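Asks: Residue numbers for the sequence shown, in the numbering used here: 1 to 315. Glycine is no exception: its CB is placed at the ideal position from the N, C-alpha and C atoms. The model shown is predicted, which means the values in this text are computed figures rather than measured ones. Once you've had a glance at the structure underneath, I'll fire off some questions.
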Amino acid sequence: MILLLGRLDDPMIAYVCTCLLARKVDFLVIDPRHSPHQCALTWTMEQGRMHGSLCYGRQEVALADIGSIYIRQLRRPPRSQQTPPPGQDQTPQPFPLSRWLATFSENVPALVVNRPSAVSSNLSKPYQQQLIARHGFRVPRTRVTTLPAAVTRFYEECQGRVIYKSISHQRSIVRRMTPGDLSRLAQVRYCPTQFQEYIAGIDIRVHTVGERVFATEILSEATDYRYAGREGARRAIRGIELPAEVATRCLHLARGLDLMMSGIDLRRSPDGDYYCFEVNPAPAFIFYQTYTGQRIGDALADLLCQGMACRKGDR
1 MILLLGRLDD PMIAYVCTCL LARKVDFLVI DPRHSPHQCA LTWTMEQGRM
51 HGSLCYGRQE VALADIGSIY IRQLRRPPRS QQTPPPGQDQ TPQPFPLSRW
101 LATFSENVPA LVVNRPSAVS SNLSKPYQQQ LIARHGFRVP RTRVTTLPAA
151 VTRFYEECQG RVIYKSISHQ RSIVRRMTPG DLSRLAQVRY CPTQFQEYIA
201 GIDIRVHTVG ERVFATEILS EATDYRYAGR EGARRAIRGI ELPAEVATRC
251 LHLARGLDLM MSGIDLRRSP DGDYYCFEVN PAPAFIFYQT YTGQRIGDAL
301 ADLLCQGMAC RKGDR
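Here's what the structure looks like:
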């Protein structure tokens, strides 16, 4: 049995479901937004083996049968989205289902993509950047501050070539800093902000899935290619092969962060240096495989099936 934790309307969950159906593998999708009353979980640990059962709706699964888990989303939803769907218990719950599932996923002796503890490095971009640097990638000069004067000095040191973005895992649009922004720096007193030296070059998104590597090159004049349309800029996306040494470094980075799957944001400078900006532990791979035809989701399904096979072999 393979567990998929996430919303049914999430494109990544939907694609993996399609892949597993084609492989005729048993799987169960659990929506973390649902009430804890919809799920019952009981387990004991004996000599490294987990015994018990998971009941979700009308389905019951023996924990010994769970070989793999794919976690697309376990974060507690915003308060505005915490109302259970019609027909479910509407009583507010102090401990959401997502918390139960996170604890279970952290302890289950199965292949988990990815365990909650491994995802934690992405909660702080400055912290994750230190880990990235230890694995041999270049990282841009960075300043995190709430002091307007410190930002001004950094802006001058970088000769005006500066971008800014959030320091947490929350998605933010990366923007180039302009002279006009200097008059708004008083606002950083109330929100620690990350400023980085702008690195010219070509963006490359690398997905690692187990020991497989999928590299996508993005050509765009936009500061943040994800929002190129908002800037009136175009983008061209294609699959590429990374130099073997860079691909190996990406695998080592993902492995060092305990990530079975990752989305690594690189930029290749005009000098041929590879800078790494961030490692996403729950990448939205559909966007990239739609443009390139790369079978990233299929590789994920294969990895989950391998976990199933290994679990059966351990019995």
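Measure how close the beta-carbons of residue 209 and residue 242 come, nearest whole angstrom, since I'm counting them as under 8 Å.
Replies: Going by Cβ atoms, the distance from residue 209 to residue 242 rounds to 14 Å, so no, they are not a contact pair.
Asks: Compute the Euclidean distance between the alpha carbons of residue 236 and residue 292, then round it to the nearest angstrom.
Replies: 10 Å
Asks: For the segment 161-185, which segments carrying the beta strand (DSSP E) assignment without a break, of at least 3 residues, lie completely within its bounds, in sequence order?
Replies: The beta strand (DSSP E) runs lying completely inside the segment 161-185 and spanning 3 residues or more are 162-165, given in chain order.
Asks: Which residues mark the beginning and the end of the alpha helix (DSSP H) in which residue 239 is found?
Replies: First-last for residue 239: 235-240, but that is the beta strand (DSSP E), not the alpha helix (DSSP H).
Asks: According to DSSP, which residues form a beta bridge with residue 285?
Replies: Beta-bridge pairing links residue 285 to no other residue.
Asks: When the Cα atoms are used, what is the spatial distance from residue 182 to residue 130?
Replies: Computed Cα separation, rounded: 28 Å.
Asks: Could you check whether residue 55 and residue 39 sit closer than 9 Å to each other, using their CB atoms as the reference points?
Replies: yes
Asks: Buried or exposed: residue 116, going by 16 or more other Cβ atoms within 10 Å of its Cβ?
Replies: buried
Asks: Roughly how many angstroms separate the alpha carbons of residue 164 and residue 19, rounded to a whole number?
Replies: 38 Å
Asks: Can you give me the C-alpha to C-alpha distance between residue 157 and residue 228, rounded to a whole angstrom?
Replies: 28 Å
Asks: Would you kindly work out how many angstroms separate the C-alpha atoms of residue 73 and residue 294, rounded to a whole number?
Replies: In this structure, the alpha-carbon of residue 73 lies about 23 Å from that of residue 294.
Asks: Quick check: residue 45 and residue 285, are their CB atoms within less than 9 Å of each other?
Replies: In this structure, residue 45 sits away from residue 285, with a CB-CB distance that is not shorter than 9 Å.
Asks: How big is the Cα-Cα spacing for residue 298 and residue 186?
Replies: The straight-line gap from Cα to Cα measures roughly 48 Å.
Asks: Per DSSP, which residues does residue 204 bridge with? Please list them.
Replies: 217 and 266
Asks: From the DSSP secondary-structure annotation, give me the bridge partner or partners of residue 43.
Replies: 52
Asks: Using beta-carbon positions only, say whether residue 274 and residue 246 come within less than 9 Å of one another.
Replies: yes
Asks: Quick check: the Cα distance between residue 52 and residue 42, rounded to an integer number of angstroms?
Replies: 5 Å
Asks: What did DSSP end up calling residue 137 once you bin it into helix, strand or coil?
Replies: coil
Asks: Which whole-angstrom value describes the C-beta separation of residue 200 and residue 270, a residue pair presumed to lie in contact below a C-beta threshold of 8 Å?
Replies: 6 Å
Asks: Spatial neighbours of residue 6 within its chain, please: CB distance less than 6 Å, with the 5 preceding and 5 following residues excluded, ordered by chain position.
Replies: 13, 72 and 73
Asks: At a cut of 8 Å, does the segment 140-152 reach the segment 250-258 through at least three beta carbon pairs?
Replies: no
Asks: Which residue wins for smallest C-alpha separation from residue 310, given the options 192, 111 and 193?
Replies: 111
Asks: For residue 176 and residue 281, what's the separation of their Cα atoms in angstroms?
Replies: 25 Å
Asks: In this structure, does DSSP put residue 145 in helix, strand or coil?
Replies: strand
Asks: Quick one, which of 159, 59, 306 and 126 has its alpha-carbon nearest residue 198's?
Replies: 159
Asks: Contact defined as beta carbons within less than 8 Å: I believe residue 66 pairs with residue 3. What is the distance between those atoms, to the nearest angstrom?
Replies: 6 Å
Asks: DSSP three-state call for residue 94: helix, strand or coil?
Replies: Only weak support is given to the placement of residue 94: the predicted model assigns it a pLDDT of 45, under 50, and the question is left unresolved by the model.
Asks: Under 7 Å Cβ to Cβ from residue 252, same chain only, skipping five residues before and after it: list those, please.
Replies: 135
Asks: Rounded to whole angstroms, how far is the Cβ of residue 125 from the Cβ of residue 170, which I believe are closer than 8 Å?
Replies: No, residue 125 and residue 170 are not in contact; Cβ-Cβ is about 10 Å, not under 8 Å.
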